[in-house]
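Have a look at the structure below, then the notes.
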Amino acid sequence: MCRRHVKFLRAAVKWSQKGGVQGDEGLHLLLAMRHEAAGELALALPHYARSKADAARTVATSLASNSLGMTSDERELLALRAIFLSLNVGRIDLAEALHEHCCQTSQPNMLDPEGVRGNFSRLMLASCRRRATPLFLMLRSTYHAVHSSEPTLREAVERIGETYFGVAAPRVRSKRAGEGLDKGPPRVPPNRQSPRAHSSGIAPMEDHPDARGGL
1 MCRRHVKFLR AAVKWSQKGG VQGDEGLHLL LAMRHEAAGE LALALPHYAR
51 SKADAARTVA TSLASNSLGM TSDERELLAL RAIFLSLNVG RIDLAEALHE
101 HCCQTSQPNM LDPEGVRGNF SRLMLASCRR RATPLFLMLR STYHAVHSSE
151 PTLREAVERI GETYFGVAAP RVRSKRAGEG LDKGPPRVPP NRQSPRAHSS
201 GIAPMEDHPD ARGGL
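Each residue of the sequence shown is one higher than the one before, starting from 1 at the first, in the numbering used here.
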């Protein structure tokens, strides 16, 4: 891909934003196609979201083609990134449509609707649609292992918290030298039951009032 062409398109989009916050939809589509051709899906997605194209179908097709040769784990991460990045640009409708496309059983699933990432995606969409801050906070904590190890997902979840719920990203405190050593395992309060464990190690969320009823 010609980087000079991309630089020109970015400048054109920025110039067009003087006539509207989103900028020219046709220019966004051209820039999205350029990024996709270079395999830069994370950069392409926000521009697809602001274009006139059927973004959900276009991105789903792109995800399918980019996932060829990937493992099921890699495909699910790719799908989850696309869904959460759509939320980052304020397109809940696009994120929901992508979730549906990625969970379709008529083709090899990009995202297992009954799996850990499929449930995380579905419940995160529900929390954003309903502006359910308690559900978001519970999801961020419960699915920490899913999003914290992948930089794009971690940043996407942080931005979702700030954009939809006004929740700042949790601070990571570094331990002082020797802090926490020789203290032994943390004490578990008596008469406190741990949640029923799934095979994934993540507790079920269906009992949360904001998680009922699907999307």
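We put the beta carbon where it would ideally sit given N, CA and C, even for glycine. Values in this document were obtained by computation on a predicted structure and should not be read as measured data.
For residue i, is the classification buried or exposed, using 16 other Cβ atoms within 10 angstroms of its Cβ as the cut-off for buried?
i           : result
residue 70  : exposed
residue 162 : exposed
residue 148 : exposed
residue 140 : buried
residue 114 : exposed
residue 171 : exposed
residue 131 : exposed
residue 57  : exposed
residue 77  : buried
residue 145 : exposed
residue 97  : buried
residue 85  : buried
residue 68  : exposed
Helix, strand or coil, according to DSSP, for residue i in the structure here?
i           : result
residue 143 : coil
residue 70  : coil
residue 131 : coil
residue 103 : coil
residue 111 : coil
residue 93  : helix
residue 122 : helix
residue 159 : helix
residue 62  : helix
residue 148 : coil
residue 171 : coil
Give me the Cα-Cα distance between residue i and residue j, rounded to the nearest whole angstrom.
i           : j           : result
residue 75  : residue 40  : 15 angstroms
residue 166 : residue 152 : 20 angstroms
residue 59  : residue 116 : 22 angstroms
residue 32  : residue 150 : 23 angstroms
residue 142 : residue 160 : 16 angstroms
residue 30  : residue 51  : 9 angstroms
(Q) Check whether the region 42 to 53 and the region 86 to 105 are in contact - that is, three or more C-beta pairs closer than 8 angstroms. (A) yes
Q: Report the residue ranges of all beta strand (DSSP E) runs contained in full by the region 16 to 60; include only those spanning at least 3 residues, in chain order.
A: none
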